[in-house]
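First to last, the sequence lines map onto chains A and B.
Position one of the first sequence corresponds to residue 1 (this note's numbering), numbered consecutively onward.
Position one of the second sequence corresponds to residue 1001 (this note's numbering), numbered consecutively onward.
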Amino acid sequence: MRTMQTEYLIAVDEFCANNNIEISFISSLEQNGLIEVITIQETGFIGAGQLQQLEKFIRLYYELDINLEGIETITHLLRRIDLMQDEIILLKNKLRLYETEL
Amino acid sequence: MNFLDYYKILGLDKTATPKDIKSAYRKLARKYHPDLNPNDKDAKRNFQQINEANEVLSDPEKRKKYDQYGNDWKHAEEFEKAKQYQQQSSDYQRPGYSGTQAEGDFSEFFESLFGGSAGSSGNRQVKYRGHDFNAELHLDLLDAYKTHRQTLTVNRKNIRITIPAGIENGQTIKIPGHGGHGVNGGPNGDLYITFSVANHPDIKRLGNDLYTKADLDLYKAVLGGEITIDTLKGKVKLKVKPETQNGSRIKLKGMGFPVYKNEGHFGDLYVTYTIKIPTDLTEKQKELFKELSESEF
């Protein structure tokens, strides 16, 4: 994968060619609000910060046969799990406060 | 090293067709894939097993070898020698999942029977991202109070990290690129460090606030006075108001824990008073208390 002028952007067409995926897949992800594509002089780019998430979407779609609606639902639920895990940490730490009398 | 029943792992019997294997694998992979079960060690272990089972059963050659020698893996080497006289060719392409696929993801049993990881089996050159590493780092409350550097050894490699003051118990930070090596030029995985911050014997923490208790003798509680307490910032003198009640709490603003990644900002310190009743009173003292109790308030 080659980066453009700034090392933080990856050209969509090159990413697709290197990873053997259709550009339409990236477009669908963008239309569903799952990733953000930046267009500069008619060329689409993906921010490097989104790469890990994008690779995950590729695995879900191409390897686990999960469609876009499924990916959207999973992404939403995983975000909720993240929030709940943060809340669990907070509650566990609160509980520790009362484990020994102050 | 134990024999692994790959058919059982995928919930199949020995007569399973390639279609059955693919279907069983997909079903289980959707259940246990690490992307769908973040931070779940059990799911990760299960996924590695089903991945390994699929690796073997979906490859006709490996499946044949497994069926023939799986139960008696020690004979695998003899099998290999015999096979050297045969011309082998296969255009099979493994449909394995790349999510966490990397060297070291296969059991000893697998490596004994098939010699190394799946990546060496001559399949197409697919770039795999190295898998993520998870580590736990134990700190005490005083360690977490100050920004400090610490050297960790991960996979025989030393990594020097800066731990910002105010890190929370249970908090996880990501060190990009310090996970497993990528395969075929794929990027390295990441290292996730989860912090376990131990309780302090005298000071408790909740978020950025600290809680401690201070003993007060009865006379100081009644008449007021001054006491010195230990805090994480050192010793602090406190003025005690007259008629302070047992269990009452005061707040010392800005004397709590540093706010994570917000230098110069601190939470508050709450001090709860525990009033100690005098013991071993002399007869004279008892008389005085009796006199006091009979007086009108």
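Think of the CB as a built atom: it goes at the ideal place given N, C-alpha and C, for glycine as much as any other residue.
Nothing here was measured: the structure is a model prediction, and the numbers come from that model.
Closest by C-alpha distance to residue i, when choosing among the options
i, options, result
"residue 1240/B", "1250/B, 1136/B, 1233/B, 1232/B", "1250/B"
"residue 1024/B", "1279/B, 1191/B, 1058/B", "1058/B"
"residue 1064/B", "1034/B, 1238/B, 1007/B", "1007/B"
"residue 1150/B", "1182/B, 1195/B, 1185/B, 1188/B", "1195/B"
"residue 1143/B", "1248/B, 1162/B, 1226/B", "1162/B"
"residue 1271/B", "1189/B, 1068/B, 1232/B", "1232/B"
"residue 1179/B", "1011/B, 1133/B, 1211/B", "1133/B"
"residue 1275/B", "1283/B, 1060/B, 1266/B, 1246/B", "1246/B"
"residue 1170/B", "98/A, 99/A, 90/A", "90/A"
"residue 1165/B", "1255/B, 1145/B, 1028/B", "1145/B"
"residue 1110/B", "1167/B, 1261/B, 1055/B", "1055/B"
"residue 21/A", "39/A, 60/A, 40/A", "60/A"
"residue 1174/B", "1186/B, 1193/B, 1011/B, 1060/B", "1193/B"
"residue 96/A", "1256/B, 1201/B, 1129/B, 1220/B", "1201/B"
"residue 70/A", "87/A, 45/A, 28/A", "28/A"
"residue 1107/B", "1050/B, 1283/B, 1068/B, 1137/B", "1050/B"
"residue 99/A", "1203/B, 1016/B, 1279/B", "1203/B"
"residue 1068/B", "1031/B, 1014/B, 1026/B", "1014/B"
"residue 174/A", "43/A, 94/A, 19/A, 12/A", "The structure shown has nothing for residue 174/A, since chain A only spans 1 to 102."
"residue 1248/B", "1212/B, 1182/B, 1278/B, 1234/B", "1212/B"
"residue 1264/B", "1026/B, 1011/B, 1208/B", "1208/B"
"residue 1273/B", "1181/B, 1244/B, 1235/B", "1244/B"
"residue 1155/B", "1167/B, 1148/B, 1181/B", "1181/B"
"residue 1153/B", "1168/B, 1137/B, 1167/B, 1147/B", "1137/B"
"residue 1219/B", "1019/B, 1039/B, 1277/B", "1277/B"
Exposure label - residue i; buried when at least 16 CB within 10 Å
i, result
"residue 1258/B", "buried"
"residue 1045/B", "exposed"
"residue 1003/B", "exposed"
"residue 1034/B", "buried"
"residue 1021/B", "buried"
"residue 23/A", "exposed"
"residue 1062/B", "buried"
"residue 49/A", "exposed"
"residue 1052/B", "buried"
"residue 1048/B", "buried"
"residue 1131/B", "buried"
"residue 73/A", "exposed"
"residue 1255/B", "buried"
"residue 82/A", "exposed"
"residue 1189/B", "buried"
"residue 1011/B", "exposed"
"residue 17/A", "exposed"
"residue 1205/B", "buried"
"residue 1066/B", "buried"
"residue 1036/B", "buried"
"residue 93/A", "buried"
Per DSSP, cross-strand counterpart(s) of residue i
i, result
"residue 1266/B", "1258/B"
"residue 93/A", "Its beta-bridge partners do not exist; DSSP assigns none."
"residue 1045/B", "Residue 1045/B pairs with nothing; no bridge assigned."
"residue 11/A", "45/A"
"residue 1137/B", "1195/B"
"residue 1220/B", "Paired residues: none, contrary to the question."
"residue 1244/B", "Paired residues: none, contrary to the question."
"residue 1227/B", "1238/B"
"residue 1148/B", "1163/B"
"residue 73/A", "Paired residue(s): none; residue 73/A is not in a bridge."
"residue 1002/B", "None; residue 1002/B has no bridge partner."
"residue 1252/B", "1269/B"
Contacts that residue i makes with chain D (C-beta to C-beta distance below 9 Å)
i, result
"residue 1169/B", "As a matter of chain content, chain D is missing from the structure shown, whose protein chains are A and B."
Contact belief for residue i with residue j at Cβ below 8 Å, rounded distance in angstroms
i, j, result
"residue 1242/B", "residue 1223/B", "6 Å"
"residue 1135/B", "residue 1191/B", "7 Å"
"residue 32/A", "residue 77/A", "That pair is no contact at about 15 Å."
"residue 1268/B", "residue 1198/B", "Rounded, the Cβ-Cβ distance is 22 Å, inconsistent with contact."
"residue 1129/B", "residue 1177/B", "About 10 Å separates the two Cβ atoms, so there is no contact after all."
"residue 15/A", "residue 46/A", "6 Å"
"residue 1160/B", "residue 64/A", "Rounded, the Cβ-Cβ distance is 38 Å, inconsistent with contact."
"residue 1235/B", "residue 1226/B", "Actually they are not in contact, since the Cβ atoms of residue 1235/B and residue 1226/B sit about 12 Å apart, beyond 8 Å."
"residue 1016/B", "residue 1032/B", "Not quite, the Cβ-Cβ distance comes to about 19 Å (not below 8 Å), so this is no contact."
Beta-carbon neighbours of residue i, restricted to chain B and to distances below 7 Å
i, result
"residue 65/A", "1026"
"residue 55/A", "1129"
"residue 60/A", "1035"
Contacts of residue i in chain B (Cβ-Cβ under 9 Å)
i, result
"residue 74/A", "1035, 1036"
Chain A residues whose Cβ lies nearer than 7 Å to that of residue i
i, result
"residue 1206/B", "93, 94, 97"
"residue 1192/B", "Per Cβ cutoff of 7 Å: no residues; residue 1192/B is ~12 Å from chain A at best."
"residue 1199/B", "96"
Partners in chain A for residue i, counting only beta-carbon separations shorter than 9 Å
i, result
"residue 1184/B", "Within 9 Å Cβ-Cβ: nothing; residue 1184/B doesn't reach chain A, min ~12 Å."
"residue 1029/B", "63, 64"
"residue 1273/B", "Here the premise fails: no neighbours, minimum Cβ distance about 11 Å."
Contacts of residue i in chain B (Cβ-Cβ under 8 Å)
i, result
"residue 80/A", "The contacting residues do not exist; residue 80/A stays about 12 Å from chain B at best."
Chain-ordered neighbours of residue i on chain A, where CB pairs are closer than 8 Å
i, result
"residue 1262/B", "Under the 8 Å cutoff, chain A gives no residues; its nearest Cβ is about 18 Å from residue 1262/B."
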